[in-house]
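Numbering (our numbering), first residue to last: 36 to 477.
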């Protein structure tokens, strides 16, 4: 026995060194630390080791993360031997750790595998009017107040106010609009008032007094402010189980401060596209539309995030191009190659247009996981490529909705970025949609 132990140690050491310096070992070590699979989906991992080594290498489920979906004795994934390697199969929603080991004992690589329930949604493409009311009043610039002596003064700026600050209250009274702020300043006249201000995550107070402006016959504190935005965008998807929707694919920012707008309230309604201002290199294009509050879409806005706006639309949404719900495709399922986008370029008519997904970056979590190129001759003729108002247009590949258009390349409007559905779904409530074919019609 004493002679066997040193021999086994030598064998293991030689085996370990052989593995470390082989291309196959480098392949094992570069396996992703996190994998995502839809239930029913499998991933074949080819180890391609020599037969003499293959029998010493094992891949197995070694444990599973805490999950409300799966009991410890019933792992959500299975690992099965496969030609030249192993196959990981997603069995049920949950998380598990899968390890590659030598002789079943020495760990070489560990992976966290997440099995996701299939999800189906109603595909968008509808044009929407967006009306977003900010929380508080945003400072977007400074305007001098010329007093009765002809001197320029900046009351709020001189007290430390900055562009991008949010004015939440005046002497404890909430302000929700530019008119609210103007009225309260007038009421205080030249008496000092206390502004409750938010700057990023910090909330503080600023004492300031108004100055009388002979030109406007009002008291002012020297600020340009804005209380919301209005624009046209595109619906990405609607969930028939939760009635949640997603649109735009990116955050709404203030045009002057370039900061995201904090939502107090907001609405989305149907919009009809009247004309298109085509894009050209260095010149962004634009959809121009009118709002229709009596149309198919009428919902609220509860979130304004880096991955789009979100809220609830209670009435049923339909898409003539896809009368049934469509399976969601996740980042790991997106491939370079042909795809389509759904969008409106005339009236309310949703149309499908050809694109190419040129690059895929599954690890990106910034809303720019895909680079896309518009190839459809008709869309290029009408719009010149990607234009403002097209943000949120769903991207369809292999009969799955895989993401949405988000940004255009200013100097090459035929190309732009897309966001993954993974990112957009992360902003919605958890909803496992039955993978069967479900009609949205009665």
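Cβ atoms here follow ideal geometry from the backbone N, Cα and C, with glycine treated the same way.
*Bridge partners of residue 318, per DSSP?*
On the chain shown, residue 318 is found 283 positions in, with the first residue counted as 1. In DSSP, residue 318 forms a bridge with 315.
*Contact under 8 Å by Cβ, residue 196 with residue 265*: Translated into positions along the chain shown, residue 196 becomes position 161. Translated into positions along the chain shown, residue 265 becomes position 230. A distance of 8 Å or more separates the beta carbons of residue 196 and residue 265.
_Proximal residues to residue 19 (C-beta, below 6 Å), its chain only, five neighbours per side dropped_ = Residue numbering for the chain in the displayed model covers 36 to 477; residue 19 lies beyond these limits and cannot be assessed.
*Tell me the DSSP bridge mates of residue 478?*
Limits of the chain in this structure are 36 at one end and 477 at the other, which puts residue 478 out of reach.
*Can you say whether residue 458 is buried or exposed, counting buried as having 16 or more other CB atoms within 10 angstroms of its CB?*
The sequence position of residue 458 within the chain shown is 423, counting from 1. A buried status is given to residue 458, since no fewer than 16 other beta-carbon atoms sit within 10 Å of its beta-carbon.
*Unbroken beta strand (DSSP E) run spanning residue 19, endpoints*: Residue 19 lies beyond the residue range present for the chain, which begins at 36 and ends at 477; the question has no answer from this structure.
_On a Cα-Cα basis, can you pick out the residue from 225, 408, 272, 292 that is closest to residue 248?_
Position 213 of the chain shown, counted from the first residue, corresponds to residue 248. Closest option to residue 248, Cα to Cα, is 225.
*Taking DSSP as the reference, what is the three-state secondary structure of residue 184?*
Position 149 of the chain shown, counting from 1, holds the residue named residue 184. Correct three-state label for residue 184: coil.
*Smallest Cα separation from residue 171: which of 189, 199, 192?*
Locating residue 171 in the chain shown gives position 136, counting from the first residue. Looking at the Cα atoms, 199 is the closest of the given residues.
_Using a 10 Å radius around the Cβ and a threshold of 16 neighbouring Cβ atoms, would you call residue 239 buried or exposed?_
Taking the chain shown and counting its residues from 1, the one referred to as residue 239 is at position 204. Answer is exposed; the Cβ neighbour count stays below 16.
*Could you pull out every residue in the same chain whose Cβ sits closer than 6 Å to the Cβ of residue 368, ignoring the five residues on either side in sequence?*
As a first step, residue 368 must be located in the chain shown, where it is residue number 333. No residues qualify anywhere along the chain.
*So, residue 456 versus residue 365, is the Cβ gap smaller than 8 Å?*
Residue 456 sits at position 421 when you count from the first residue of the chain shown. Residue 365 sits at position 330 when you count from the first residue of the chain shown. Going by C-beta atoms, residue 456 is nearer than 8 Å to residue 365.
*Cα-Cα, which of 229, 154, 312, 146 is closest to residue 414?*
Within the chain shown, residue 414 is the residue found at index 379, counting from 1. The candidate whose alpha carbon is nearest that of residue 414 is 312.
_Rounded to the nearest angstrom, what separates residue 275 and residue 282 at their Cα positions?_
As a first step, residue 275 is located in the chain shown; it is residue number 240 there, counting from the start. As a first step, residue 282 is located in the chain shown; it is residue number 247 there, counting from the start. Roughly 15 Å separates the two Cα atoms.
*Identify whether residue 459 lies in helix, strand or coil by the three-state DSSP scheme.*
Translated into positions along the chain shown, residue 459 becomes position 424. It is helical.
*Evaluate the contact criterion for the region 315-327 versus the region 397-405: three or more CB pairs, one atom per stretch, below 8 Å.*
Contact fails: fewer than three Cβ-Cβ distances are below 8 Å.
*Between the C-alpha atoms of residue 144 and residue 92, what's the straight-line distance to the nearest angstrom?*
As a working note, residue 144 is residue 109 in the chain shown. As a working note, residue 92 is residue 57 in the chain shown. Residue 144 and residue 92: Cα-Cα distance of roughly 11 Å.
*Go ahead and pull the three-state DSSP assignment for residue 481.*
What is shown of the chain runs 36 to 477, which leaves residue 481 out entirely.
_Taking the alpha carbon of residue 261 as the reference point, which residue from 292, 277, 241, 284 has its own alpha carbon closest?_
Translated into positions along the chain shown, residue 261 becomes position 226. The closest CA to that of residue 261, considering only 292, 277, 241, 284, is found on 292.
*Check the C-beta distance from residue 82 over to residue 119 and give it rounded, since I have them as a contact under 8 Å.*
The residue you call residue 82 lines up with position 47 of the chain shown. The residue you call residue 119 lines up with position 84 of the chain shown. So it is a contact: roughly 6 Å between Cβ atoms.
_Whole angstroms are fine: how far does the CA of residue 155 sit from the CA of residue 112?_
Counting from one through the chain shown, the residue named residue 112 turns up at place 77. Counting from one through the chain shown, the residue named residue 155 turns up at place 120. So the two alpha carbons sit approximately 22 Å from each other.
*Taking contact to mean at least 3 C-beta pairs separated by less than 8 Å, is the region 402-419 in contact with the region 385-393?*
Taking 8 Å as the limit for Cβ pairs, the verdict is that the region 385-393 does touch the region 402-419.
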